[in-house]
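Right, one structure below, let's go through it.
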């Protein structure tokens with residue numbers, strides 16, 4: 031299991047990028063926090079999720 | 004700097020706070036705050052800054068009030084009026100001790116220095132990432148503290164920059180021109196109200212020295228779940244704005260999408 035934004039998801043074994051692509055997150059305006067640390071974009075392909083706590087943060091630009 | 008009878012009564016609850024007191028109130032009265040944008044965020048921020056007793060408030064906005072603004076832009080009452088002028092009118096009625104000026108102008112890479120110069124704190128209440136990044140870059144370049152805010156749909160966010168702290172570009176390198184606008188996805192009044200209120204608080208904290216600023220922290224607000232997330236981040240030494248070798252220049256091309 032992987033905890034994403036407070037919810038348990040059955041996505042263990044996927045890379046961060048695979049998960050983000052499947053959920054159609056807009057890569058240009060998100061930051062991924064992995065176990066409390068910001069994950070650099072270059073590691074999205076390399077990091078396999080398993081038992082992690084992930085926060086996907088989307089930026090909003092309205093006023 | 005002294006307070007007259009009316010001010011003493013008006014600010015009695017501020018005086019009573021150990022973190023503010025007469026000393027803090029004096030700092031507020033001496034402070035110059037610039038609010039860029041008088042929409043959903045700006046309406047709320049301006050209202051609370053003026054009520055708190057900030058001495059000088061300037062509001063810059065080139066937009067005009069429309070009916071569709073009324074669900075959240077609570078200080079405006081008349082369609083067709085410039086929003087900065089409308090905000091000026093509101094503040095004059097709310098607190099006559101504030102010197103307020105509304106400026107009907109668009110903030111651009113060419114004129115932004117003229118706008119931010121002389122102010123102690125800047126509150127970014129603009130709409131759209133192009134202007135948000137412009138304010139970030141200009142404040143980093145000219146060493147001005149500012150508070151970033153954003154509200155779209157049912158989500159909001161806020162962070163504060165002071166010289167030496169991480170900036171918006173440490174989190175997001177490039178301007179996401181594809182971000183949806185509030186016209187496209189909607190926006191609820193309490194969402195921009197929450198963030199605008201928190202932005203006013205950041206300005207008050209900066210001016211008075213009370214509490215801990217939101218530097219190196221981005222707070223995200225999910226209004227539907229009532230969930231606050233805090234993302235802690237450090238200064239990126241490779242950041243094009245605040246890094247060790249900054250490369251940002253305030254050119255027009257940088258703030259519009261590449262063709």
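Residue numbers (the working numbering), protein chains in the order written: chain A, 31 to 93; chain B, 4 to 262.
Beta carbons are placed, not taken as given, at the ideal position from N, Cα and C, and that holds for glycine.
Here the structure is a predicted model, which means the values were calculated and not measured.
Would the stretch 185-199 of chain B count as touching the stretch 162-171 of chain B if we require 3 or more Cβ pairs under 8 Å?
no
Neighbour flag for residue 234(B) against chain A, beta carbons, 9 Å: Residue numbering aside, residue 234(B) sits at position 231 when the second chain is read from its first letter. Answer yes: the Cβ-Cβ gap between residue 234(B) and chain A drops below 9 Å somewhere.
Quiz item: Applying a beta-carbon distance threshold of less than 8 Å, which residues of chain A neighbour residue 2(B)?
Solution: Lying outside 4 to 262, the shown extent of chain B, residue 2(B) is not represented and no answer is given.
Exercise. For residue 189(B), which residues of its own chain have a beta-carbon under 8 Å away from its beta-carbon, when the five flanking residues on both sides are left out?
Worked result: Taking the first residue of the second chain as 1, we reach residue 189(B) at position 186. Excluding residues within five positions, the ones whose Cβ falls inside 8 Å are 156.
Exercise. Which one of 104(B), 181(B), 65(B) and 250(B) has the shortest CA to CA distance from residue 59(B)?
Worked result: Here residue 59(B) refers to the residue found at position 56 of the second chain. Residue 104(B) is the option with its Cα nearest to residue 59(B).
Q.
At the level of alpha carbons, what is the spacing between residue 163(B) and residue 139(B)?
A. Taking the second chain and counting its residues from 1, one reaches residue 163(B) at position 160. Taking the second chain and counting its residues from 1, one reaches residue 139(B) at position 136. Going from the Cα of residue 163(B) to the Cα of residue 139(B) covers about 10 Å.
**Study point:** Cutoff 6 Å; reference residue 16(B); Cβ partners in own chain excluding five residues on either side
**Key:** Sequence index remark: in the second chain, residue 16(B) carries index 13 (1-based). No residues qualify anywhere along the chain.
*Kindly provide the ranges of any beta strand (DSSP E) runs that are 3 or more residues long and lie completely inside the stretch 104-145 of chain B, ordered along the chain.*
124-127
- Would you call the stretch 45-59 of chain B and the stretch 4-19 of chain B in contact, with 3 or more CB pairs under 8 Å? With a cut-off of 8 Å, the stretch 4-19 of chain B and the stretch 45-59 of chain B count as touching, because enough Cβ pairs lie within range.
> Helix, strand or coil for residue 66(A) per DSSP?
Replying inline: On the first chain, position 36 is the one that residue 66(A) refers to. Here residue 66(A) sits in coil by DSSP.
Contacts of residue 128(B) in chain A (Cβ-Cβ under 8 Å)
Here residue 128(B) refers to the residue found at position 125 when the second chain is read from its first residue. Those are 93, listed as they occur along chain A.
Cβ contact (3+ pairs, closer than 8 Å) linking the stretch 29-41 of chain B and the stretch 117-137 of chain B:
Counting Cβ pairs under 8 Å, three or more are found: they touch.
Pair every Cβ in the stretch 32-43 of chain A with every Cβ in the stretch 79-89 of chain A, then say whether three or more of these pairs are closer than 8 Å. yes
task: Would you check if the stretch 216-223 of chain B and the stretch 232-242 of chain B touch, i.e. whether three or more CB-CB distances between them fall below 8 Å?
output: These segments touch.
Kindly indicate if chain A contains any beta-carbon less than 9 Å away from that of residue 184(B). Working through the second chain from its first residue, we reach residue 184(B) at position 181. It does; some Cβ of chain A falls within 9 Å.
* To do: Whole angstroms is fine: what's the gap from residue 70(B)'s alpha carbon to residue 93(A)'s?
  => Position 67 of the second chain, counted from the first residue, corresponds to residue 70(B). Position 63 of the first chain, counted from the first residue, corresponds to residue 93(A). So the two alpha carbons sit approximately 16 Å from each other.
For a cutoff of 9 Å on Cβ pairs, would you count residue 63(A) as touching chain B? As a first step, residue 63(A) must be located in the first chain, where it is residue number 33. It does: the Cβ of residue 63(A) has a partner Cβ on chain B nearer than 9 Å.
DSSP three-state call for residue 28(B): helix, strand or coil? Residue numbering aside, residue 28(B) sits at position 25 when the second chain is read from its first letter. It is helical.
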